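Protein chains in written order, with my numbering: chain A, 1 to 286; chain B, 1001 to 1286.
Glycine included, C-beta positions come from ideal geometry on N, C-alpha and C.
If you're wondering where the values come from, they're calculated on a predicted model, not measured in any experiment.
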């Protein structure tokens, strides 16, 4: 009953006005969403990384980093990551994985940004780092009005590199585990984001070496396998869908997070940072 | 030699101009600092929380939350926290500690903000959440020009509460372990920040219950002791000092983080979020 009432409210009014009168919580907004607000993960752009404690599911972003994503898929098919390990965990920054020792990696792609497209939807909120900040196709993104890039929010997966901008091919990947290191925006190739199992990366013990590298092999977490979801039998693929960030439901969700209702909040913030909104992902089906 | 040259540079020029011509790294700036830029932790406002894996050192903020901090010290002296445990670890949000089961806690203090003082030094950067954001006496803070509050950045320690704003007395504390939950600003009493040992909180396994609470007692991390540093023998007190956030060296440090030099950064950000600057703390002495 509650679900139906909320769905009717969302259908009846623009997201913001409806929220301000009804004070839906972010969870209320998701409960009231319709099936068409959600999009199933594309198995041909989804990685399943199996660690000893659980599975990490990564949604790739080929539309932002076509060459890097294609090469990561090649590496997956070659079995490269099945012999890799988590080699670094730096508190409030990143975890990183690669084969160890790392093979030479001198030539890759500097896919840091692209032309701004109509699928980029900026929020109205001020952003510290960019003229515009918002979401594009399920990813946090920012823009200067002409160019567009993926933002380094919690859970983002990028390509490690050396000083040369095009020196990273994907043999060394990182995931953000701390406060959004937005200074990396436009300086690193972002290839996707973790959509499930982030806790299997973020709660790893921190490395005690420089930059959080583990000092001994026994501290490293072995990667058991990395598979492209499309290569798994259908029954073993992650059954996940993500909320379309161009949907009215997502706009209502952002607004509900911008001005938290309920009895707890004395001072609703009235604003929200893109990296304080993790675009919702949920299990499909009954 | 390098250290002396950098010190001379810092002395000779305003922080920003000097950085822009010399491109000091943040580490360079700290190396070039002088002893008078640093302030020793006050043992009467420092907590030492001992967990099975290591020590967590918390700098209290009585100037922002006098009643809450005084009560936390009373609880420490009563041995309350020596029978407490980490009861919650929610990914990308907080860890929380209390006795379990928690004693009733219906009356505390709503010390969410104070009048803006001259010790608050705003940055020039845009902030998403507040008209002004900067630092005050070693803590990240924000202001509307009239009132001032501590910002919920990584490592901040605050008082858990129920819906009533003054319902938290300090028997349940939390530390931020993820993306800065700035929506909590002006809604929670912030009582300090972790200045050492954050990794012993942030890398704890995430709880699998609602809101990241642990579901069984065996998952909780026991707190062995919490002591006020002043109550420890001098030899056992943490020997730490923090960089004065009103010093020219801190201004140079912020600028070096705002525009990262060196060969790696293709696009220096030109801006910095307060929660992307952890006010530096270092060991004292040889």
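Notebook entry, point to check: Relative to the alpha-carbon of residue 1053 of chain B, which residue among B:1202, B:1155, B:1062 and B:1122 has its alpha-carbon at the smallest distance?
Noted result: B:1202
In the DSSP assignment, what are the bridge partners of residue 1222 of chain B?
B:1085
Legend entry - Outcome for residue 21 of chain A when other beta-carbon atoms lying within 10 angstroms are tallied against a minimum of 16: A caution first: residue 21 of chain A carries a pLDDT of 46, below 50, which makes its placement in the model too unreliable to give a value.
Original post:
If you follow the alpha helix (DSSP H) that residue 139 of chain A is part of, which residue opens it and which one closes it?
Top reply: Unbroken run through residue 139 of chain A is the beta strand (DSSP E), 139-143; no alpha helix (DSSP H).
Please name the residue, chosen from B:1056, B:1051, B:1028 and B:1062, that lies closest to residue 1044 of chain B on a Cα-to-Cα basis.
-> B:1062
Subject >> Cβ-based contacts, 8 Å cut-off: residues of the region 76-109 of chain A near chain B >> reply: 89, 91 and 92
* **CB contact below 9 Å: residue 218 of chain A versus chain B** => no
Worksheet item: How is the alpha helix (DSSP H) around residue 1248 of chain B delimited, first residue to last?
Response: 1248-1258
Just curious, the alpha helix (DSSP H) that residue 1200 of chain B is in, first and last residue? 1199-1202
For residue 1159 of chain B versus residue 1191 of chain B, is the C-beta spacing smaller than 9 Å? yes
* Cutoff 6 Å; reference residue 237 of chain A; Cβ partners in own chain excluding five residues on either side -> 43 and 229
Does the separation of the CB atoms of residue 1085 of chain B and residue 1223 of chain B fall below 9 Å? yes
For residue 1158 of chain B, which residues in chain A fall below 8 Å Cβ to Cβ?
-> Per Cβ cutoff of 8 Å: no residues; residue 1158 of chain B is ~14 Å from chain A at best.
> Among B:1162, B:1179, B:1181 and B:1180, which residue has its Cα nearest to the Cα of residue 1172 of chain B?
Replying inline: B:1162
Compute the beta-carbon to beta-carbon distance between residue 88 of chain A and residue 207 of chain A, rounded to the nearest angstrom, for a pair I have assumed lies under 8 Å. 6 Å
ask   = Of the choices A:231, A:278, A:241 and A:266, whose alpha-carbon is the least far from that of residue 79 of chain A?
value = A:231
Between which two residues does the beta strand (DSSP E) holding residue 1122 of chain B run?
1120-1122
Review point. Can a CB atom of chain B be found closer than 9 Å to the CB of residue 238 of chain A?
Key: no
Output yes if chain C places a C-beta closer than 9 Å to the C-beta of residue 146 of chain A; else output no.
This model lacks chain C altogether; the protein chains it does include are A and B.
- Item | For residue 1102 of chain B, the nearest candidate out of B:1170, B:1270 and B:1064 (CA to CA) | B:1170
| said: Please classify residue 1144 of chain B as buried or exposed, where buried requires at least 16 neighbouring CB atoms within 10 angstroms. | reply: exposed
- So the alpha helix (DSSP H) residue 1072 of chain B belongs to, where does it begin and stop? 1066-1078
Just by C-beta distance, which residues in the region 115-131 of chain A are closer than 7 Å to chain B? 125, 126, 127, 128 and 129
Taking Cβ to Cβ, would you say residue 1220 of chain B is nearer than 9 Å to residue 1100 of chain B?
yes
CB contact below 9 Å: residue 74 of chain A versus chain B: no
Identified DSSP bridge partners for residue 1136 of chain B
B:1120 and B:1139
Whose CA, out of A:148, A:155 and A:174, lies closest to the CA of residue 64 of chain A?
A:148
Next on the checklist: Could you pull the DSSP bridge partners for residue 1049 of chain B from this structure?
Outcome noted: B:1056 and B:1226
Quiz item: Is it buried or exposed for residue 1281 of chain B, if we count other Cβ within 10 angstroms and need 16 for buried?
Solution: buried
Rank B:1031, B:1272 and B:1094 by C-alpha distance to the C-alpha of residue 1212 of chain B and give the top, closest one. B:1094
For the region 1180-1206 of chain B, which residues have a beta carbon sitting closer than 8 Å to at least one beta carbon of chain A?
1180, 1181, 1182, 1183, 1185, 1186, 1187, 1198, 1199, 1202, 1203, 1204, 1205 and 1206
How would you call residue 127 of chain A, buried or exposed, if buried means at least 16 neighbouring beta carbons within 10 angstroms? buried
Three-state secondary structure assigned by DSSP to residue 1272 of chain B
coil
message: With the cut-off set at 9 Å, would you say residue 1136 of chain B and residue 1120 of chain B are in Cβ contact?
response: yes
*Which residue or residues does DSSP assign as beta-bridge partners of residue 1189 of chain B?*
B:1159
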